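Data block below; observations after.
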Amino acid sequence: MELQSNQPLSGGPVLGIETSCDETAVAIYDGQQGLLAHELFSQVDLHARYGGVVPELASRDHGQRLIPLLDVALKTAGLKGDDLGAVAYTAGPGLIGALLVGATTGVGLALAWNLPALPVHHMEAHLLAPLLEADPPAFPFLALLVSGGHSMLVDVADFGEYRILGETQDDAAGEAFDKVAKLLDLPYPGGPALAALADDGDPARFALPRPMLRRPGMDFSFSGLKTAVMLKVRELSEGGLLNAEDRRDLAAGFQQAVIDTLQAKSIRALEATGYSRLVVAGGVGANRQLRASLRGALEQRGGRVYYPRIEFCTDNAAMVAYTGHRSLAAGRATSTAVHARPRWPLDEL
Ligand code: KG4
Ligand code: ZN
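Numbering (our numbering), first residue to last: 1 to 349.
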């Protein structure tokens, strides 16, 4: 049974909880004072030997880490549970077991402290993350969301008004980074390792495809590019291992192909919407070459690109606490039911 909670809105700071994948995070955001605390534990070492996230291990570890992180966050902020105004938790999309740990803990804490609880959409939180920075973008803006699970261009007319303009037809950008990193024998997590290798490579040596560029529209596709890298790896490694130069150049060529594609589609979407502000968020938004390239492209057009700080590109709870704060201010429904939706399209918000 779903109860609409009827606790008064105290206007106190909002606790945010993030457990959708492999980072356990807790943060506290206050409407007047801003971010008061943000704590994160990354499970990278736990999953590294399996080459990817093991859902069962992720859930168990969230369960162990969450309350100790909460204690640290409350101490840092100098607050007790009942000083808070609400509890916001990531309700989806994500791994169901992992989501349930954050959702049940969040709703449990809200009931214990007599606070409203708010389910937060993980991708909405990502796209609002740049609003945590000084000199944030004004609405409306275009958002390029590129993470391990999603790649999309979103017309953000206002808070809560989202229209998806384009999406990946197959792999997400981060997923492609991770898969190509595996082809190049790089350790998990692949994205940052591949980016580091690409820094010293020649992006022009291998002619790799720029998927979907010749087709109209704003959708992406990265699986053909991944296959092109796979075929190159096979060709080059015949009779032995890839040499260091081949690996560097393939990494650089792949990264450049992804950047060119994301940039061209973003510009197409800016033209379609008439917007001059581009927000880039999600784990791939931490890629330094992508950041530099988009910054240059937007400057050339007289527009501007906005990023969260690098640590708020990847999963974190600051963006969840902030989204909870905005949701409360906008009068979104709070609920004592446990919400966990592994699949949750952004435009169903
Ligand atoms: O947003 P995020 O932390 O988790 C999801 O919601 O998916 O994104 C993680 C993804 C992974 O695929 C990771 O390889 C990628 O972001 N990533 C990067 C970089 N840092 C993280 N990809 C390219 N370059 C990076 N520097
Ligand atoms: Zn994410």
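By construction, the Cβ of each residue, glycine as well, lies at the ideal position given by its N, Cα and C atoms. Here the structure is a predicted model, which means the values were calculated and not measured.
Rounded Cβ spacing between residue 323 and residue 73 (contact assumed at less than 8 angstroms): Taking the sequence shown and counting its residues from 1, one reaches residue 323 at position 323. Taking the sequence shown and counting its residues from 1, one reaches residue 73 at position 73. Contact doesn't hold; Cβ gap of about 17 angstroms is too wide.
Residue 98 beta carbon less than 9 angstroms from that of residue 107: Locating residue 107 in the sequence shown gives position 107, where the first residue counts as 1. Locating residue 98 in the sequence shown gives position 98, where the first residue counts as 1. Cβ atoms of residue 107 and residue 98: not closer than 9 angstroms.
Own chain, CB closer than 7 angstroms to residue 297, minus 5 neighbours either side, in chain order: The residue you call residue 297 lines up with position 297 of the sequence shown. Result list for residue 297: 263 and 267, in chain order.
DSSP three-state assignment for residue 92, whether helix, strand or coil: Within the sequence shown, residue 92 is the residue found at index 92, counting from 1. Of the three classes helix, strand and coil, the one that applies to residue 92 here is strand, per DSSP.
Pairwise C-alpha distance: residue 310 and residue 30: Locating residue 30 in the sequence shown gives position 30, where the first residue counts as 1. Locating residue 310 in the sequence shown gives position 310, where the first residue counts as 1. Approximately 21 angstroms, taken between the alpha carbons.
Residue 322: first and last residue of the uninterrupted alpha helix (DSSP H) it sits in: By one-based count along the sequence shown, residue 322 stands at place 322. Run containing residue 322: 318 to 329, per the alpha helix (DSSP H) assignment.
Rounded distance between the beta-carbons of residue 166 and residue 218, thought under 8 angstroms: Here residue 218 corresponds to residue number 218 of the sequence shown, with the count starting at 1. Here residue 166 corresponds to residue number 166 of the sequence shown, with the count starting at 1. Confirmed, about 3 angstroms.
Inter-residue spacing [alpha-carbon to alpha-carbon] between residue 171 and residue 220: Translated into the one-based positions of the sequence shown, residue 171 becomes position 171. Translated into the one-based positions of the sequence shown, residue 220 becomes position 220. Cα to Cα, residue 171 sits roughly 9 angstroms from residue 220.
Whole-angstrom distance between residue 226 and residue 207, CA atom to CA atom: For the purposes of this step, residue 207 is taken as residue 207 along the sequence shown, with counting starting at 1. For the purposes of this step, residue 226 is taken as residue 226 along the sequence shown, with counting starting at 1. Taking the straight line joining both Cα atoms gives about 13 angstroms.
Delimiting residues of the alpha helix (DSSP H) encompassing residue 121: Along the sequence shown, one-based indexing puts residue 121 at 121. Careful: residue 121 lies outside any alpha helix (DSSP H), inside the beta strand (DSSP E) at 117 to 121.
Runs of beta strand (DSSP E) lying entirely within the segment 214 to 299, each at least 3 residues, in chain order: 277 to 281
For residue 133, the three-state DSSP class (helix, strand or coil): Counting from one through the sequence shown, the residue named residue 133 turns up at place 133. Three-state result, residue 133: coil.
Residue burial classification, residue 112 (beta-carbon count within 10 angstroms, cutoff 16): Taking the sequence shown and counting its residues from 1, one reaches residue 112 at position 112. Per the 10 Å Cβ criterion, exposed.
Under the three-state DSSP convention, the category residue 87 falls into: Along the sequence shown, read from residue 1 onward, the residue named residue 87 stands at position 87. Residue 87 falls in the strand class under three-state DSSP.
Touching by the beta-carbon criterion (3+ pairs, under 8 angstroms), the segment 30 to 49 and the segment 75 to 85: yes
Exposure label - residue 203; buried when at least 16 CB within 10 Å: Position 203 of the sequence shown, counted from the first residue, corresponds to residue 203. Classification for residue 203: buried.
heavy atom of the ligand GDP below 8 angstroms from residue 55 C-beta: Of the ligands one can find in the structure shown, namely the ligand KG4 and the ligand ZN, none is the ligand GDP.
Enclosing alpha helix (DSSP H) for residue 143 [first to last residue]: As a working mapping, residue 143 is identified with position 143 in the sequence shown. Segment 141 to 146 is the beta strand (DSSP E) holding residue 143; no alpha helix (DSSP H) there.
Residue 145 vs residue 105 beta-carbon contact at 9 angstroms: Stepping through the sequence shown from its first residue, residue 145 is reached at position 145. Stepping through the sequence shown from its first residue, residue 105 is reached at position 105. No; because the gap between Cβ atoms is not below 9 angstroms, this pair is not in contact.
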